[in-house]
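Asks: The structure that follows is given in the form of C-alpha cells.
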Ligand SMILES: [Zn+2]
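Numbering (the numbering used here), first residue to last: 89 to 226.
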C-alpha cells in the first residue's frame, strides 16, 4: 500500500519495500535505499510496514477528529481551496484554448499557402497530399 511513497527522514531517499524469505505480513518492512548503496552516507533507517500502517491510521483518525470538531472551518477552507483550484484550472484551460485557436488560424493560413503553391506548380501533388494530411490531422 505504501510502496513508492515512503522516504528516509534523514537523506530523503526512497525507502524500499522488503520482506523475509518466508513472507509474513507482520515482517514486511521499508528501509533506506541509500543506506544499502553506501552505509557511510546514511545510517540505517527501517520501519515495519505494520508500524507504518498503525501510524498512518492514527494520523487519519486525528485529522478526521479535527474535521469533525471544526466542521464549519473545514468546509470553508476546503471550499476556498476548491475555488482556487478551479480558478487556476479555468485560467490554464483559457490559455490552452487561446494557443489552440492561434494554431488553428495558422494551420488555415498554411493550408491556403500549400494549396496556392500546388496550384502554381511550386509544390508537387505528392508533397501537397502529405502536408495537407498532416495539417488536417493536426
Ligand atoms: Zn536515508
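Positions of the beta carbon are idealized from the N, C-alpha and C atoms, including for glycine.
Might you give, ordered along the chain, the residues of its own chain that have their beta carbon closer than 8 Å to the beta carbon of residue 71, omitting 5 neighbours on each side?
Replies: Nothing about residue 71 can be reported from this structure: the residues present for the chain run from 89 to 226 only.
Asks: Measuring from the CB of residue 122, is there a heavy atom of ligand 1 at a distance below 7 Å?
Replies: Yes - ligand 1 has a heavy atom lying nearer than 7 Å to the Cβ of residue 122.
Asks: According to DSSP, residue 120 sits in a beta bridge with which residue or residues?
Replies: Residue 120 pairs with 103.
Asks: Please determine whether the Cβ atom of residue 98 lies at a distance below 7 Å from any heavy atom of ligand 1.
Replies: It does: the Cβ of residue 98 is within 7 Å (strictly closer) of some heavy atom of ligand 1.
Asks: Please name the residue, chosen from 113, 111, 110, 134, that lies closest to residue 121 on a Cα-to-Cα basis.
Replies: For residue 121, the nearest C-alpha among the options comes from 134.
Asks: Within the present structure, is the beta-carbon of residue 133 separated from the nearest heavy atom of ligand 1 by less than 7 Å?
Replies: Under cutoff, so the answer is yes.
Asks: For residue 94, which residues of its own chain have a beta-carbon under 6 Å away from its beta-carbon, when the five flanking residues on both sides are left out?
Replies: Only 103, 118 meet the Cβ criterion.
Asks: Pick helix, strand or coil for residue 134, following the three-state DSSP scheme.
Replies: Here residue 134 sits in strand by DSSP.
Asks: Select from 114, 106, 222, 145 the residue whose C-alpha is nearest the C-alpha of residue 124.
Replies: Looking at the Cα atoms, 106 is the closest of the given residues.
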